[in-house]
Amino acid sequence: MVSHTSRRWLDRTCFALATLTVVTLGFVQGRITVTLPLLFVGLGGVTVLNATVACLSFAATLLSSGAVFFTEILRERRRGPYPASGTEIAAIVPSYGDSGALHRSVESLLAADYGDVRVYVVCEPGDESTLSVARSLAERRRVTCLVNDRDPGSKAAAVNYAVDHTDAPYVGVFDADERVHPTFLPAAAAGLADHEGVQGRTFPRPDGLLETVTYYESIVLGYLSHRLVALLTDFDMVASNALLVRRATYERVGGYDPRMLTEDFDFAFRCYEDGVSVQSSFAYPSEIEGAHTLRDWWGQRKRWMTGYAQVFHRRLGRLDPLGRPRSVASLVFCGGAILGNFVVLSLVPQAIVVGATGAAAVLGVTVGALWGICLGARLFDRRVGVVDSVGLGWLLVPFVLPFYSLAAIKGVVEYPISWRGEWFRVEKEG
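Mapped onto our numbering, the consecutive letters of the sequence shown carry residue numbers 711 to 1140.
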């Protein structure tokens, strides 16, 4: 039997080799020349470096995704006003070690522009500090404190427990530290008239340098990266926060799986394979608490990608091209979400190749597209009042994204080698 120490050294070695391979392939691939046909302008073709094609393709994808993202937001903001009451919503807030932050979600849900909502705070046995806060909050009307003594130990099990203890037609899932936008609930409830689920947007509160970085990271990697896929394939993320879903749909799909490290990623694919219609609602974002230390930032992202690898493993095991054709698409989307992080890292050596050839315009277009998308999103959030200022943090984004790729590679490598079911938890300050 391989010892824990040996496994750790093995995954570190594999991480270093995987990183070196991605960087080397990016450099080698970037130096290859390709000929692009330009028949539509009457020219035979033009020869360019593959690195140039890669950088410009990245910029084009960003701009296209950004166009879809902002169009969806503007379209949604024209739909109101929304009804202030209607079908009852059970807003579930799973909580563990969140005594300092729990009030944010509960108070914001009670203050929503929608009266027919009841909040269910689900605590873990033995978490006395959070239980104390939850019981205090439960003294308010429309707040109930539950203790998940049936299957404790995971967010997924906590949500499932609460769903079984409620009977509202609509179920909402929110993080303990999530400050929900007052218009999200009525907008999402209206969306459930035509869809089975409505997924909102969350953003880390940008109140520090690292927190600002995570804010922009959530825009580029958390939302933009999915917009073209959602538009072309109908696959959209269904998370475990800022979510409203019909109870019947939740029960039909089977709820969240407590065995999965990223229960939301797994749930999203099961919803897709089951044909669940999902509407994105990004116009009324919820504020959450981001990582405050580099250790938390690294550990959280590594956990996400280990969870993605676990979901890919499960999707591979449940592949059924004839019986469930969408299982093939699920596997492709899941693999693409993982490989996309490798691609981002491979762009670094390709950008160096472009810079070494003096093609400053290509780098300018690529970086400018990234800056433009980030600045546009920040200006929108400033306009709707969810952030106080714009700042200059968007200038850091091109230099930070490759580090996310490193955390992703580390998380993927750890899954088959050293991961044994443990999960990393970020400290919340409230």
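We treat Cβ as the ideally placed atom computed from N, Cα and C, and that holds for glycine.
Given the structure is predicted, the values throughout are model-derived calculations rather than measurements.
Query: CB PHE779 to CB ARG937, shorter than 8 Å?; Result: yes
Query: Ignoring anything shorter than 3 residues, give me the beta strand (DSSP E) runs that lie fully in the segment 936-982, in order along the chain.; Result: 953-956
Query: Indicate whether GLY796 and ASP826 have their beta-carbon atoms separated by less than 8 Å.; Result: yes
Query: What is the DSSP secondary structure of ILE742, reduced to helix, strand or coil?; Result: coil
Query: Can you tell me whether HIS891 is buried or exposed, with buried defined as 16 or more other CB within 10 angstroms of its CB?; Result: buried
Query: Around the Cβ of VAL744, are there at least 16 other Cβ atoms within 10 angstroms (buried) or fewer (exposed)?; Result: exposed
Query: Suppose the cutoff is 6 Å on Cβ atoms and the five residues either side in sequence are ignored; what does the same chain contact list for SER1099 look like?; Result: none
Query: Alpha carbon to alpha carbon, how far is ARG788 from PRO896? Give it in angstroms, no decimals.; Result: 14 Å
Query: Buried or exposed: which applies to ARG885, given that a residue is buried once 16 or more other Cβ atoms fall within 10 Å of its Cβ?; Result: Looking at the sequence provided, one finds Asp at residue 885 rather than Arg. Buried, since its Cβ has 16 or more Cβ neighbours within 10 Å.
Query: For the candidate residues GLN1060, LEU841, VAL853 and VAL988, whose alpha-carbon lies nearest to that of TYR960?; Result: VAL988
Query: If we count Cβ pairs, one from each stretch, closer than 8 Å, do we get three or more for the segment 808-821 versus the segment 835-850?; Result: yes
Query: Rounded to whole angstroms, what's the CA-CA distance from VAL1064 to CYS833? Just pull it up for me.; Result: 53 Å
Query: What residue does the beta strand (DSSP E) around VAL1096 start on, and which one ends it?; Result: Segment: none, VAL1096 is in no beta strand (DSSP E) and carries neither H nor E.
Query: Which term fits PHE1109, buried or exposed, when burial requires 16 or more other beta carbons within 10 angstroms of its beta carbon?; Result: exposed
Query: Pick helix, strand or coil for GLU927, following the three-state DSSP scheme.; Result: helix
Query: Applying the criterion that 16 or more other CB atoms from any shown protein chain within 10 Å of the CB defines a buried residue, is GLU849 buried or exposed?; Result: exposed
Query: Let's see if you can read the secondary structure: which residues bound the alpha helix (DSSP H) around TYR806?; Result: No alpha helix (DSSP H) contains TYR806, which DSSP labels as neither H nor E.
Query: If we count the other Cβ atoms within 10 Å of its Cβ and call it buried at 16 or more, is SER716 buried or exposed?; Result: exposed
Query: How big is the Cα-Cα spacing for ALA868 and ARG1092?; Result: 34 Å
Query: By alpha-carbon positions, which one of GLY1033, LEU1055, LEU1026 and LEU1057 ends up nearest to GLY1045?; Result: LEU1026
Query: The alpha helix (DSSP H) spanning PRO896 covers which residue range?; Result: 894-901
Query: DSSP three-state label for PHE1043, please.; Result: helix
Query: Between the beta-carbon of PRO995 and the beta-carbon of ASP861, is there less than 8 Å?; Result: no
Query: Relative to the C-alpha of GLY1009, which residue among ALA1117, LEU942 and ALA899 is closest?; Result: ALA1117
Query: Short of 6 Å in beta carbon distance, which residues of its chain neighbour ALA822, apart from the five on each side in sequence? Order them along the chain.; Result: PRO892 and LEU895
Query: Just to confirm, is the Cβ distance from PHE979 to VAL1021 under 8 Å?; Result: yes
Query: Check whether the Cβ of PHE945 lies closer than 7 Å to any heavy atom of the ligand FAD, and answer yes or no.; Result: With respect to the ligand FAD, the structure offers nothing, as it holds no ligand at all.
Query: By how many angstroms is the C-alpha of LEU820 removed from the C-alpha of ARG1013?; Result: 32 Å
Query: Should the segment 946-964 be regarded as contacting the segment 1114-1132, the criterion being three or more beta carbon pairs within less than 8 Å?; Result: no
Query: What did DSSP end up calling TYR792 once you bin it into helix, strand or coil?; Result: coil
Query: When DSSP labels each residue in this structure, what does VAL856 get in the three-state scheme?; Result: Residue identity check: residue 856 is Leu in the sequence provided, not Val. Strand.
Query: Can you look up ARG1130 in the DSSP assignment and give me helix, strand or coil?; Result: coil
Query: With DSSP run on the structure shown, which of helix, strand or coil describes VAL883?; Result: strand
Query: Given this structure, state the Cα-to-Cα distance separating ARG1155 from ASP721, to the nearest angstrom.; Result: Lying before the first or after the last residue shown, residue 1155 is absent from the chain, which here runs from 711 to 1140.
Query: On the CB-based measure, 16 or more other CB atoms within 10 Å of its CB, does ILE998 come out buried or exposed?; Result: buried
Query: Measure the alpha-carbon distance for GLY901 versus SER767 and round it to whole angstroms.; Result: 34 Å
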